[in-house]
Amino acid sequence: MTTALDDAQLRRRFKALDDDDGGGGGGHDAAAAVASPSAATESKATRSDAKGKKTFGRTPDGKGFVVPTTHDMVSQLLDPRQPKNLTDLVVLGFLALHIVAAWLLPAGWKRPVFALVFLGWRASYNIGIGVLLHVQSHHGRLITWARRWKLFEIRDNPRPWLYGLLKREFEAKITDDYVFEEAPIEYNTWLVFRRFVDLILMCDFVSYCLFAIVCGHVPKGEGFVMGAARWALGIALVGFNLWVKLDAHRVVRDFAWYWGDFFYLVDQDLTFDGVFEMAPHPMYSIGYAGYYGISMMAASYEVLFISIVAHMAQFAFLVAVENPHIEKTYNPPPPRLRALSHSQTDPTVLLAGPDDDDNDNDESGYGADRPPMEAPGAIESSTAVHDMVGLGNVDLFRVPDLAVVTLSMYMAVLTLATPSTAPWQAVFVAHALAWRVWYHLGLGIILDRQSKTKMWTRHFLKFGESAGEAWRQWKGMQHFCMIVCNASFMAACWKMYSAPEDWGYGLVLLRHVVGASLVALQLWTAFSVYGSLGEFGWFCGDFFFDHRAKLTYTSIYRFLNNPERIFGTAGVWGAALITWSAPIFIMAIVTQILSLYYLSFIERPHMQKIYGRSLRREAGLTKFIKRSLPPPVKGWQESMDRVLDDTGHFVEEFIEMARPKFASGVKTVVRDTSALFNMAPARLTITRIAPDLTGLDPKQYGLTVSGTASAQPRRATGNESLSGRFPKAVKTMAYEYGSPLRVRWRAPAEHSTGDWIGLYMVTDNRSREATEVSSLGRWAPTSSGVYDSLTADSSIATAEHEVGDGMVEGEVLFEGDKLWWTQGVYEFRYHHDGKHTVMAVSEPFEVAISPVLSSAEEEVVDSAQARAAVEVAILPMIQRCLDRDPDIAPNTVDEPFGGHVERDGKYARRIVYAIREMFGIEFAPAVVLADRNARKLAWRICNAKEVLSRGTTTPAAREV
């Protein structure tokens, strides 16, 4: 059900208590246990030791309790030995209604009705449960609702009948270690939540099966053999799906199955073995194989397409709901370091790039997590952060990107402008084949020479360039060849493809569906590989830089040693299925052969030379399959491995003996023939006006704003008339960019407890009586305990108190995400009773960034004094941009930023915006992530200012 994974693709839902509280270890120990080679034996020992022991849980406020034993929903509902209660009867009644409807509905109504019913339940699952889990994860809203409605309180319970019902329901189901009155509210709320989940999941599954039944039929003209094969494969997929679910439930149990860690955590380390070694997110990936098995047995494209929609919706649920919660709960950013000191000889420094100022390194090496490297005192060097892969990194000022875009446009125009006749088809296929051979074989040979003789690097050193320049040129070349190779292949497929006249004929539609799935599989593999390796590994960085490295197998590499070998050409075969063209099939075969050649004879020998024994022999999937084999098959497989190893050694020796003669001939031939899109999303605004304001006088309401004042720039320019140059007597307040704003409000004692205050741009609202736009989260309540969000009450700085004459006052604090992070003129609006009726508007105020480095200061921009001045200017700005959080914001210019800066791009965007307004220098947000402290940013600002000032119309920094 819910088994999303961390960076190693493991769902770590179990977090230990502190030692002081009777627990030991932590949630990360589970992943550590998995990463060890003996995970299987450890898991058995862990489960055997755990028998007879109680599981302890901990609520968010630190309260410990014994977690009672619960049972899965299928046994609860269908096992006659399990006690039944009212909610079980309700779920069974819903299921019976579905079955009766499938029996009684007219034949013409069954398909559309059950398609809508299933889609409705699937929406209840992915959207309904998803929204509830989202608000619980971010705001604890389900717990807040339970407290507000007093669901589990004995005294003063407004609904004693509901209290009694819940008590009977839960105590009937849980007989051991559970007392309804003593259980934490978080646990009881989770029990209520899981009953709703039971209803939704059971109805979702039953409605899907009924839809498959009403759509099932025998295809016209299908033979016995084909029908038997179809049913056999379908049953096998359903059986595999059932095993995946059962094995996953064995590992994660009810706590993770029902998203228990959204409510509380348990003190237990769990080893993820079995199905969790087979595939990432097994419950959401291979755990849906049964859908396609049922589609196959039903022989219905309607069932297949609705299965694909449901499967994609489940992945969306994983990405939008589960993964953010996992990241927040089990993988928080590491504590901010007080100093940066990484040794070049530290064995944990993984696959670092060059150390000079040409360093164009990226994230990581082959399956390795590489921590950042920092040479002591190396402030004068600026780290390059201009990545090359991805649409977001396209930069037409860069030659490879310009060449890629231009050539792709030419290719697209030529493809669309030429007819799809046999000669043109031959030209396009030959063109794509040539690029394919060059990309795999040509670049492979260059990498092989680079591995053995540093040929590529030596070429650039010969002309006085650096190793970093050779690396950058290689990245551009590989990127260019990869894009053109794929573009030429797509052009060839376009020429060879012809739309079918009858989509229902034979396997035409199935071919397109399977082909598109294979293309999607290759794209997902590429994204996963790039996410694990970064640009350093993506562009074969360890062929160019020799650093001591330690491999760590994360993401897709946890399950496969080399995913490109298995899935790297899936899209090519998918295109061959879609086009159903012999030349494209030939290209797919050639691509497969060249890919295997590159991986086996170029990449693998280099990996063995660089990493040696640290290379893993068996991936998680391989180990799992071998453990699952019967003893006779396992012995036969081991003997076959020995034969294959002996054969491989013989072939390698033969090639080594023949290589010198072949190489001399190649050198002769070479010598004789040498030449070579953000606009902000649309917003739907609903303005709610209070119907009754009797007895409330807006004149009695008031707002006063205070904050850190900003230095106001001189507004008179000399271009005005004489009278226009005099400042006005009352000045508009201006506050520093990012500084917290404290709002003191005043209202009659009888004001509504649902009143709230919002922050708006002055130009956003035309009316002073009603607010016309949404606050977009920039609001605060005047009274606590009124709104569901736990984060809302955190803005209340001073609780409401009387000030005499029937008036009350209070203070709210706007900071962090409740501020506008751009310059402008703003106002606060006091609203009545949760509506948009405005009772008071504050005086408009300005959020401004004071410019730094006047023309006089620019004359010494390259001096240490100027750099120190920049450091003094940007440090408080950076602290404000990082919400003044001690875990994120630095105290000195040398302290690095906290790990949240890399997790959430908003912090870097705030800083580069402020730098642009302060100094007139525009940086990419990645620069903040690369520099990681204020001192380096100050040096980069001064350096950029100096570079831009000399030789331009701006004042020069010094005479040259």
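Just so you know, we're using our numbering here: the sequence shown kicks off at 37 and counts up by one.
For every residue, glycine included, the Cβ atom is placed at its ideal position computed from N, Cα and C.
If you drop the 5 nearest sequence neighbours on each side, which residues of the same chain put their C-beta closer than 8 Å to that of residue i?
i           : result
residue 592 : 45, 316, 561, 564, 565, 568 and 599
residue 527 : 447, 448, 450, 451, 464, 467 and 468
residue 278 : 326
residue 623 : 465, 468, 469, 472, 525, 528, 608 and 612
residue 977 : 906, 910, 951, 955 and 957
residue 151 : 247, 338 and 342
I need the DSSP call for residue i, collapsed to helix, strand or coil.
i           : result
residue 999 : Because the chain spans 37 through 996 in this model, residue 999 falls outside it and cannot be assessed.
residue 918 : coil
residue 912 : helix
residue 865 : strand
residue 362 : helix
residue 534 : coil
residue 794 : strand
residue 998 : Outside the displayed range of the chain (37 to 996) lies residue 998, so it cannot be described from this structure.
residue 187 : coil
residue 983 : helix
residue 320 : coil
residue 75  : Legend: pLDDT at residue 75 = 37, less than 50; position of this residue unreliable, value from coordinates given subsequently. Residue 75 falls in the helix class under three-state DSSP.
residue 784 : strand
residue 924 : coil
residue 581 : coil
residue 135 : helix
residue 234 : helix
residue 253 : coil
residue 128 : helix
Measure from the alpha carbon of residue i to the alpha carbon of each residue in the options, then state which is nearest.
i           : options               : result
residue 210 : 199, 198 and 223      : 223
residue 188 : 170, 227 and 213      : 227
residue 352 : 161, 478, 504 and 141 : 161
residue 639 : 477, 794 and 502      : 477
residue 237 : 248, 196, 253 and 294 : 294
residue 737 : 730, 768, 770 and 785 : 785
residue 956 : 983, 935 and 972      : 983
residue 851 : 549, 833, 837 and 838 : 833
residue 535 : 816, 549, 426 and 614 : 614
residue 266 : 629, 644, 331 and 304 : 331
residue 513 : 440, 460 and 458      : 440
If you drop the 5 nearest sequence neighbours on each side, which residues of the same chain put their C-beta closer than 6 Å to that of residue i?
i           : result
residue 601 : 635
residue 431 : 437
residue 870 : 790
residue 861 : 798, 880 and 882
residue 820 : 829 and 832
I'd like to know whether the C-beta atoms of residue i and residue j end up nearer to each other than 8 Å.
i           : j           : result
residue 424 : residue 524 : no
residue 922 : residue 968 : no
residue 604 : residue 554 : no
residue 336 : residue 251 : yes
residue 739 : residue 866 : yes
residue 962 : residue 913 : no
residue 119 : residue 213 : no
residue 642 : residue 487 : yes
residue 217 : residue 190 : yes
residue 854 : residue 903 : no
residue 859 : residue 958 : no
residue 793 : residue 848 : yes
residue 936 : residue 370 : no
Taking 7 Å as the cut-off, does the CB of residue i come closer than this to any heavy atom belonging to the ligand NAP?
i           : result
residue 557 : With respect to the ligand NAP, the structure offers nothing, as it holds no ligand at all.
To which residues of the same chain is residue i closer than 7 Å at the C-beta, ignoring the five residues directly before and after it?
i           : result
residue 233 : 165 and 294
residue 298 : 169, 172, 173 and 361
Could you check whether the region 319–328 touches the region 124–144, counting it as contact only if at least three pairs of C-beta atoms, one from each stretch, sit closer than 8 Å? no
Is the region 243–257 touching the region 148–158 in the sense that three or more CB pairs, one from each, lie closer than 8 Å? yes
Could you tell me whether the region 443–460 touches the region 527–534, using the rule of 3 or more Cβ pairs below 8 Å? Yes, the region 443–460 is in contact with the region 527–534.
Taking three-plus beta-carbon pairs below 8 Å as touching, is the region 766–774 in contact with the region 912–929? yes
Are there three or more Cβ pairs, one per stretch, closer than 8 Å when the region 142–153 is compared with the region 268–275? No, they do not touch.
Stretch-stretch touch, CB-based, cutoff 8 Å, three pairs: the region 198–208 with the region 107–114: no
With contact counted as at least three CB pairs below 8 Å, one residue from each stretch, are the region 937–949 and the region 794–809 in contact? Contact between the region 937–949 and the region 794–809 is absent, because fewer than three Cβ pairs lie under 8 Å.
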